[in-house]
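Down below is the structure, laid out as structure tokens.
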């Protein structure tokens, strides 16, 4: 569907995108994940023809975005980071303009506009001025614009930034819905979001692709050693004694709780976590100590993300950038 | 292109711009007609147009300042880039919309000579010849204004530079009498112009070698010519200033002649600045 080959973009000496190559297949939801400034927006801008590349190719359905931009762009709907809206217009006027620019005319134009208005649920605001709409609605109008002309691929750059939690859930549901009929690529620096929406994840840091897999596989491959948190009816000394004889344990932390129970964190050395959990169960049972709670802590994407980006940052002397993992960003409207 | 054109026309009538532009143009021409044709009872409508042409200094930048600068500020230029239309179509659509906004008051003005003809002898040929030239001059100034708007995302700056450029163009003939007419003075002025041209080429193409190459060739040619035949440079600077003046060319029509070279000049200015606007928009993709 989309193939990106050796894509490179330099701004002077700064490499925003560094030899990026990947293939996007039809009918899935892809997530671009990376910290701010990783090159996500730059890559998306190049893929949609908004920006030139220093080197490399992008092909949409076989059409090169630089050599046959007309054909390639017909197959893409793009929502940039800041929705490109004419504030003095109503959503309906705006969508008609975009539809016409995408080559729709007459009845077909009206049909598609009505369809995307329906799909993005902007029915009740379609006659209001865009300037008077909330951020969530503006984002919907932006998505509606991308859907016009029934493109095969929808590219959304940080579609949930600056929205409130309720709006975020609504937009996510909308994206999931779109994923059933379109190939969707979205970018985000919010890990939980990509984890819930996307079927495939591309992790980008410093312009390089550092991982490309399903969320489950990423977890499996990259962070198998994990930990077990347990609560037991025993003293700290007894717990340490029981745990001390078990194999495959990398690290133990034991602390007494105010309730009289003990809580322990057990890190495995990378073997099957269920085998360890089983061994723990029988060890405590053998000493007639009750296990009140056993929690298998599965690694989540945040851990993977931090581990991967740290790996790529190690060789350079530059200070590690703080990885943003908050899920609601402060509103930063320019007006 | 049609989509952009319709969109632009609608947005002009949504905002005050089209009305302000039309009102000022009509008011100025109206005052001129009252002074010349009615009070002084002159039967030449072209003098009114000559009087009214000064209003372009203000109304053209006001009309054109937002045309591209606003797209940049609102980040809607990203939409235009991602749509399956070319930059040329965007510029052509926008320019045609501006021309229509300009043609509406001009159509009203075109009726004036006919009205005056009811009450006396009016030289209709020269009147309509001048109206045609007036249209071309305005169209050329609008192309210049559009290019200036494409250079910045600040409407105010675009308007300010526009006013300065058009005002300079308006007075360049009067100023040309005061600049040095010696050969050396002309050469120095030419060198400055060539360096400025090189800077513009470099800005638009981001190609240092191309810009400096063109610059060096032109500089060498000028210096060579100067050493071979320095007399040909005498009086060159004032004559260039006069030649470049869009307003001076219009005066020929006012004086009752239909000057084909002026028509060609206006059309080339329009084509040149539309080309520059396309390049300027295209350049944003290559930054």
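Chains as they are written, first to last, in the working numbering: chain A, 1 to 335; chain W, 1001 to 1287. Think of the CB as a built atom: it goes at the ideal place given N, C-alpha and C, for glycine as much as any other residue.
For residue i, I'd like the list of residues in its chain whose CB is within less than 6 Å of its CB, leaving aside the five on either flank, ordered along the chain.
i: residue 165 (chain A); result: none
i: residue 257 (chain A); result: 263
i: residue 145 (chain A); result: 98
i: residue 240 (chain A); result: 254
i: residue 236 (chain A); result: 254, 256 and 262
Please decide whether residue i counts as near chain W, where near means a Cβ-Cβ distance under 8 Å.
i: residue 264 (chain A); result: no
i: residue 50 (chain A); result: yes
i: residue 34 (chain A); result: no
i: residue 78 (chain A); result: yes
i: residue 67 (chain A); result: no
i: residue 101 (chain A); result: yes
i: residue 274 (chain A); result: no
i: residue 337 (chain A); result: It is not possible to answer for residue 337 (chain A), since the shown part of chain A is limited to 1 through 335.
i: residue 97 (chain A); result: yes
So, at 7 Å on beta carbons, what are the nonlocal neighbours of residue i in its own chain, with the 5 sequence-adjacent residues on each side left out?
i: residue 1244 (chain W); result: 1172
i: residue 261 (chain A); result: 231, 232, 233 and 292
i: residue 125 (chain A); result: 91, 133 and 137
i: residue 1055 (chain W); result: 1024, 1025 and 1028
Please report whether the beta-carbon of residue i lies at a distance below 8 Å from any beta-carbon of chain A.
i: residue 1238 (chain W); result: no
i: residue 1072 (chain W); result: no
i: residue 1228 (chain W); result: no
i: residue 1079 (chain W); result: yes
i: residue 1194 (chain W); result: no
i: residue 1126 (chain W); result: no
i: residue 1286 (chain W); result: yes
i: residue 993 (chain W); result: What is shown of chain W runs 1001 to 1287, which leaves residue 993 (chain W) out entirely.
i: residue 1094 (chain W); result: no
i: residue 1085 (chain W); result: yes
i: residue 1251 (chain W); result: no
i: residue 1076 (chain W); result: yes
i: residue 1280 (chain W); result: no
i: residue 1149 (chain W); result: no
If you follow the alpha helix (DSSP H) that residue i is in, where does it begin and where does it stop?
i: residue 991 (chain W); result: Chain W is shown from 1001 up to 1287; residue 991 (chain W) falls before or after that span and cannot be answered.
i: residue 105 (chain A); result: First-last for residue 105 (chain A): undefined, no H or E at that position.
i: residue 1112 (chain W); result: 1087–1117
i: residue 1215 (chain W); result: 1208–1228
i: residue 1241 (chain W); result: 1236–1244
i: residue 73 (chain A); result: 69–74
i: residue 23 (chain A); result: No alpha helix (DSSP H) holds residue 23 (chain A); the beta strand (DSSP E) holding it covers 14–24.
With 16 other CB atoms within 10 Å as the buried threshold, where does residue i fall?
i: residue 42 (chain A); result: buried
i: residue 45 (chain A); result: buried
i: residue 1217 (chain W); result: exposed
i: residue 334 (chain A); result: Here the model assigns residue 334 (chain A) a pLDDT of 37, short of 50, so the residue's position is not dependable and the matter cannot be decided.
i: residue 1076 (chain W); result: buried
i: residue 169 (chain A); result: exposed
i: residue 1111 (chain W); result: exposed
i: residue 1124 (chain W); result: exposed
i: residue 1038 (chain W); result: exposed
Between which residues of its own chain and residue i is the CB-CB distance below 8 Å, once the five residues before and five after are set aside?
i: residue 1142 (chain W); result: 1060, 1063, 1064, 1095, 1098, 1099 and 1102
i: residue 1002 (chain W); result: 1093
i: residue 1137 (chain W); result: 1053, 1056, 1246, 1247, 1249, 1250 and 1266
With a cut-off of 8 Å on the beta carbons, I'd call residue i and residue j a contact; round off their distance for me.
i: residue 267 (chain A); j: residue 249 (chain A); result: 7 Å
i: residue 56 (chain A); j: residue 7 (chain A); result: 4 Å
i: residue 1285 (chain W); j: residue 51 (chain A); result: 6 Å
i: residue 183 (chain A); j: residue 1 (chain A); result: 6 Å
May I ask whether a heavy atom of the ligand PLP can be found less than 7 Å away from the beta carbon of residue i?
i: residue 1157 (chain W); result: Among the ligands in the structure shown, none appear at all, so the ligand PLP cannot be discussed.
Need the endpoints of the beta strand (DSSP E) that residue i sits in, please.
i: residue 1040 (chain W); result: It is not in any beta strand (DSSP E) - residue 1040 (chain W) carries neither H nor E in the DSSP assignment.
i: residue 190 (chain A); result: Counting along the chain, residue 190 (chain A) falls outside any beta strand (DSSP E), and DSSP gives it neither H nor E.
i: residue 295 (chain A); result: 291–297
i: residue 250 (chain A); result: 249–256
i: residue 242 (chain A); result: Per DSSP, residue 242 (chain A) belongs to no beta strand (DSSP E); it is in the alpha helix (DSSP H), 236–244.
i: residue 58 (chain A); result: 55–60
Closest Cβ-Cβ distance between residue i and chain C: below 8 Å?
i: residue 217 (chain A); result: Absent here is chain C; the protein component of the structure consists of chains A and W.
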